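Sequential numbering of the sequence shown, starting at 0, is according to numbering that gives the first Met the number 0.
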Amino acid sequence: MTKEGIIAINKPSGWICTHILKELQKILRKSRFYHEFVNIPDYKRQRKSKNLKYGRIKLGHGGTLDPLASGVLVVGIGKGTKNLEQFLQCTKVLKRMPWSHLNKVMVEKALDNFKGNILQKPPIFSALHMKGKRLYEYVREGLELPEEIKSRPIVVESFDIIRWTHDHEWKEPKDSNNIEKDLEISLEKEDNTNCKSDGSDLSRNDEIEITDVLSDTNKRKLSDNLTSSVKKKAPAVTFRVVVSSGTYIRSLIHDLGVFLGSAAHIVELIRYRQGKYKLNENTIEWSKFENGEWENDFIKAISLKNSLEP
């Protein structure tokens, strides 16, 4: 029975991709499925497989998800890691939401300016290199950028409103400093394993759901004359977006908000598809790994003849 191939996991929100792989490594090594391999002598193990050696199973993923994002995470096991690169050339499908002073007609007209071949400036909180440093390192160290961030060409194949309402509720931010610190640490950890932030390396043919909120441009407190209903719940809209590889999703949403005379940010992101893997169809729930109920689905997924294909 093969022990190498590609599977897809439904990553929970709040997990870093590398943490998922570390936990999966522990789970697989303790399992009956890999028991024979893990317990053979080192010298025999080294000869037996270059991809599964020294008791550690070679794992990798086919495109990172933000720590707060959930959804399809394609995982390569052993020889399957060699086939992960093809998942980095996929498009993305998104979902987002706006703020109260906007209306549907305004947003629909604005979308025409974000379709086709356009230029996008990468965010300063990204892992792109500039003069030997990551961009986010300049921010963290309080340094001026040595040069202006250059815009890059991207393709937005479609950007359409799916529905004009959503059940997201606006809440007063709490412990924002701790949240930003946690995200910065997450970004640094992802960077150490060649995982890009901002969803920039989510692949072509990915489907992603993003819940996104538009708010006032200035980061000021809501004035007292606003009604409590506006404070607690803002109008929301769902978008479906298909973009080329290398597109910064958070920047796309941010730029749309600016164009509309507002500011936009993502509050939820779900990847629905990566290549042939679709959420709830051929993915394995992470809870099954945590509860020790993963073996049947795992063996079925990794034993497929096309397990190594995109």
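Idealized CB from N, CA, C, for every residue including glycine.
Predicted model only: the values in this text are computed from it and were never measured.
Based on DSSP bridge pairs, tell me the residues matched to S69.
DSSP lists I269 as partners of S69.
Nearest to S324 (by Cα), restricted to the options K10, E84, R239
As shown, the chain starts at 0 and ends at 309. That puts residue 324 outside it, with no answer to give.
Whose C-alpha, out of I252, R133, T63, is nearest the C-alpha of F238?
Ranking the options by Cα distance to F238, first place goes to I252.
C-alpha gap between S199 and K21, whole angstroms:
Only weak support is given to the placement of S199: the predicted model assigns it a pLDDT of 38, under 50, and the value that follows is read from those uncertain coordinates. Roughly 22 Å separates the two Cα atoms.
For E147, tell me which candidate among L127, E267, H60 has the shortest Cα-Cα distance.
Among L127, E267, H60, the Cα nearest to that of E147 is on L127.
Are at least three pairs of beta-carbons, each pair with one atom in the segment 102-115 and one in the segment 74-84, less than 8 Å apart?
Flag = no, the segment 102-115 and the segment 74-84 do not touch.
Give the secondary structure of N281 by DSSP, where H, G and I count as helix, E and B as strand, and everything else as coil.
In the three-state DSSP reduction, N281 falls in the coil class, being neither helix nor strand.
Nearest to W293 (by Cα), restricted to the options F32, G4, E280
For the options F32, G4, E280, the alpha carbon positioned closest to that of W293 is the one of F32.
Under three-state DSSP, which class holds G59?
In the three-state reduction of the DSSP assignment, G59 falls in the strand class, which pools E and B.
Hey, quick one: how far does the beta strand (DSSP E) through A7 stretch, first residue to last?
For A7, the enclosing beta strand (DSSP E) covers residues 4-10.
Quick test of your reading: S157 and Q119, contact by CB under 8 Å. State the CB separation rounded to the nearest angstrom.
The beta carbons of S157 and Q119 sit about 16 Å from each other, so the pair does not count as a contact at 8 Å.
Does the Cβ of G131 have 16 or more other Cβ atoms within 10 Å, making it buried, or fewer, making it exposed?
Looking at its Cβ environment, which holds fewer than 16 other Cβ atoms inside 10 Å, G131 is exposed.
Just the C-alpha distance for I301 and I26, rounded to the nearest angstrom, thanks.
The straight-line gap separating the alpha-carbon atoms of I301 and I26 is approximately 16 Å.
Give the C-beta separation of T282 and I8 to the nearest angstrom, bearing in mind that I take them to be a contact with Cβ-Cβ under 8 Å.
Indeed, because the Cβ distance is near 6 Å, the residues count as touching under 8 Å.
Between which two residues does the alpha helix (DSSP H) containing G115 stretch?
G115 -> not in any alpha helix (DSSP H); beta strand (DSSP E) instead, spanning 115-119.
Using the Cα positions of I144 and I5, report the straight-line distance between them to the nearest angstrom.
What sits at residue 144 in the sequence shown is Leu, not Ile. L144 and I5: Cα-Cα distance of roughly 40 Å.
In three-state DSSP terms, what is V74?
Looking at V74 - three-state DSSP - the assignment turns out to be strand.
What span of residues does the alpha helix (DSSP H) with V104 cover, start to end?
Counting along the chain, the alpha helix (DSSP H) containing V104 begins and ends at 103-110.
Quick one: using the 10 Å Cβ neighbour count with 16 as the cut-off for buried, is L259 buried or exposed?
It counts as buried.
Taking 8 Å as the threshold (C-beta atoms), are S243 and I161 in contact?
When the beta-carbon positions are compared, I161 and S243 stay at least 8 Å from each other.
Which residues share a DSSP beta bridge with S157?
For S157, which the question treats as bridged, DSSP gives the partners V241.
Do L58 and L23 have their beta-carbon atoms positioned less than 8 Å apart in this structure?
Their beta carbons are under 8 Å apart, which means L23 touches L58 by this criterion.
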